[in-house]
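All remarks here apply to the structure that follows.
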Amino acid sequence: MIETKKLNVYIGENHILKDIDLQFPEKQITCIIGPSGCGKSTLLRTLNRLIDSTEGVRLEGQVLVDGTDIISSGAEVTELRRRIGLVSQRPCPLPMSIFDNVAYGCRINRMFKKRRELVYHVRQSLRAVGIMDEIKGRMRSPAARLSIGQQQRLCLARSLAVQPDYILADEATSALDPISSKKVEDLFVSLKGKYSIIMVTHTLRQALRIADNVVFMYLGEIIETGPAAEVFNNPQNELTQKYLSGAFS
Amino acid sequence: MNIRILKDRTARDIMLVLTLLSIVMVADIAIGLYLKSKPVLESESLWTLLFSSEWKPLKGRFGFLPFLMGTVWVTLLSITIALPISLLTAVFLTEYARPIIKKFVFPVLDILAALPSVIYGVWGVLVIVPWISKSVAPHFVDFSTGYTVLAAGIVLSVMVVPLLVSLFIEVFSSVPVELREASLSLGATRWQTALRVVMRKSLAGILASSVLAVSRAMGETIAVLMVCGCVVGLPHGLLDTCYPIPAVIANNYGEMLSIPLYESALMFAALMLFAVVLIFNLVSRVVLYRIEKQNE
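Protein sequence lines correspond, in order, to chains W and V.
Heads up, the final residue of the first sequence is numbered 234 in the working numbering, and it's a clean run with no missing numbers.
Heads up, the final residue of the second sequence is numbered 324 in the working numbering, and it's a clean run with no missing numbers.
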């Protein structure tokens, strides 16, 4: 389970995340919602320490992944990142073939000794995101030639290929057309039995459709958190009520 | 007519003329060189001029192979030294270095790139040549003055490195951050990301930058002339002297022009250099086009 305790993130002089105490339940979808600039993406990037590459960043508090604090200096970020997959806002295929994109993580992490095993695993990962039939016979062509929706599913397959325990999705459907968006959304729902999914979304309707749990953030603070049905149907905080009613976005 | 539109059109026309002028100049140089080298081309076959090692101007024999090979040796050696150094420096500066280091190193690179080549030449004569003569050559040959292919290659590589690093930094910086993050989020280290994603994505840019550096190295005159030995003869190794084409032209033009065909022969050398750089650039354009097409 991923858990944050008194997590504070500063970038330069700015206090971006303030005393974040959260628990992300396992094998469920947790949607982080909130207006633009509230710190949703920063929180997500802190969970896999991609935030490290931001200039002038300073972290305080704890992020516990299965009980291990990943902020303490001894934490091994590469293994951590393998365990926490990331699907970003815009699909980002690596500059290589479809096959090599999915095989990339496996090769980096030396997961297979025999090529046959690798090929089988890549195919399985592509099947898991339902893209295998669409790209049959094109495994060796550049991934950038796929449609944007297919690229996003390829990126998800690439994340799944390294056998993560958690998947982080940062507005993973915002750049997609409605049909592709629906496909990716359905995928997340089908994957939640195997993975714990933490998803930043800007679309309330999406959160309503797929979230088991919801975290509402505002100006770097957690305003309200709980099971989706509770937060959506009976928000306790006035800010949450206003946000859900569309008073601000 | 509206005065603003008139100004706009005038500006466009002036710029068009200036653009055409630069193209015409290149053509003009090529035609000029060809016309000037015509006498020597008529007296000797092109094959003999390019592939004969016999350089006896007084007897009217002009074989350019030693100079061609001198250029090839020095250019290849300098790029072989400069390329890995520049690539790794650029990777360090874009992928690893803290902003404060970048702030210090970038201006230093600019200064190095702007230093007049004669300074590099003097440095070569004072430092590299004696070092080769005293410390390197004794391990391999009985005697060497130090004025060698190796000296020219080292000096030239030091000159090319700042240019290459600056170009590579531009190229690597244009790789989207999201690509790096995609790689890192799969458990890749920064080095793996740099090697397998950043450099791969930058392949076309790396090639284009290298072509620019090779062109610069081929044409570099003063610094090379000062340390290469300037002895006519086919170089057979790094510790031989050499005499690249630009050095031949710079050393001899204006002198000994009373010898028949000598001026024409030197103009032919210039034409050769021109052609080599042109062909090299054209070939690399084709390769670049293919790489870009592959990456699409």
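Built from N, CA and C at the ideal position, the CB exists for glycine as well.
The model shown is predicted, which means the values in this text are computed figures rather than measured ones.
Selection W/L229, W/S38, W/N(-1) evaluated against V/R126 yields W/S38 as nearest (Cα-Cα). Non-local C-beta neighbours of W/T27 in its own chain, meaning closer than 7 Å and more than five positions away in sequence, comprise V(-6), I1, L2, I36, ordered along the chain. Contacts with chain W at 8 Å (Cβ-Cβ) include V/T217. Under the DSSP assignment, V/E82 falls outside any alpha helix (DSSP H); it carries neither an H nor an E label. In this chain, the beta strand (DSSP E) harbouring W/Q8 covers -1 to 9.
For W/D171, the enclosing alpha helix (DSSP H) stretches over residues 163 to 176. Contact with chain V is found for W/C77, since one of that chain's Cβ atoms lies less than 8 Å from the residue's Cβ.
Residue-level contact by beta carbon holds for V/V225 and chain W, with a gap shorter than 8 Å.
By the Cβ criterion, the segment 109 to 122 of chain W is in contact with the segment 138 to 158 of chain W, since at least three pairs of Cβ atoms, one from each stretch, lie closer than 8 Å.
Identification of chain W residues near V/K131 by a Cβ-Cβ cut-off of 9 Å yields none; the smallest Cβ-Cβ distance measures about 12 Å.
Between V/L178 and chain W, the shortest Cβ-Cβ separation is not below 8 Å. In the DSSP annotation of this structure, the continuous segment of the beta strand (DSSP E) that includes W/M184 starts and ends at 181 to 185. If you check the CB distance, V/C256 and V/V102 come in under 8 Å. Beyond the five residues adjoining it in sequence on each side, V/F168 comes within less than 7 Å, by CB distance, of L267 in the same chain, given in chain order.
At a cut-off of 8 Å between beta-carbon atoms, V/A210 makes contact with chain W. Ranked by how close their Cα comes to the Cα of W/I5, the residues W/D162, W/S82, W/N(-1), W/E(-12) have W/E(-12) in first place.
Cβ-Cβ separation between V/I156 and V/I129: approximately 28 Å, too far for a contact (criterion under 8 Å). Going by C-alpha positions, W/S175 is about 16 Å away from W/Q148. Judged by DSSP in its simplified three-state form, W/G90 adopts helix. Here the alpha carbons of V/S230 and V/V252 stand approximately 31 Å from one another.
Non-local C-beta neighbours of W/R130 in its own chain, meaning closer than 6 Å and more than five positions away in sequence, are absent. Per the coordinates, the alpha-carbon of W/Q8 lies some 7 Å from the alpha-carbon of W/M(-14). At a cut-off of 8 Å between beta-carbon atoms, W/S26 makes no contact with chain V. Assignment of V/E70 by DSSP, reduced to helix, strand and coil, places it in the helix class.
Among the residues facing chain V, W/S73 is included, as its CB has a counterpart in that chain under 8 Å away. The C-beta of W/E64 comes closer than 8 Å to at least one C-beta of chain V.
Taking 7 Å as the Cβ-Cβ cut-off, the segment 43 to 77 of chain V has no residue approaching chain W. Among the CB atoms of chain W, none fall inside 8 Å of the CB of V/L235.
With respect to chain W, the C-beta atom of V/E320 has no partner C-beta closer than 8 Å.
Going by DSSP, W/G46 is part of no alpha helix (DSSP H) but of the beta strand (DSSP E) stretching over 42 to 50.
For V/L267, the three-state secondary structure derived from DSSP is coil. With a cutoff of 8 Å on beta-carbon distance, V/K84 and V/M295 are scored as not near each other. Taking the Cα positions, W/Y151 is about 34 Å away from V/L116. The DSSP-derived three-state label of W/G231 is coil.
Residues D197, N198, V199 of the same chain have their beta carbon placed closer than 8 Å to that of W/P212, with the five preceding and five following residues left out of the count.
Around the beta carbon of W/R67, 16 or more other beta carbons sit within 10 angstroms, so the residue counts as buried.
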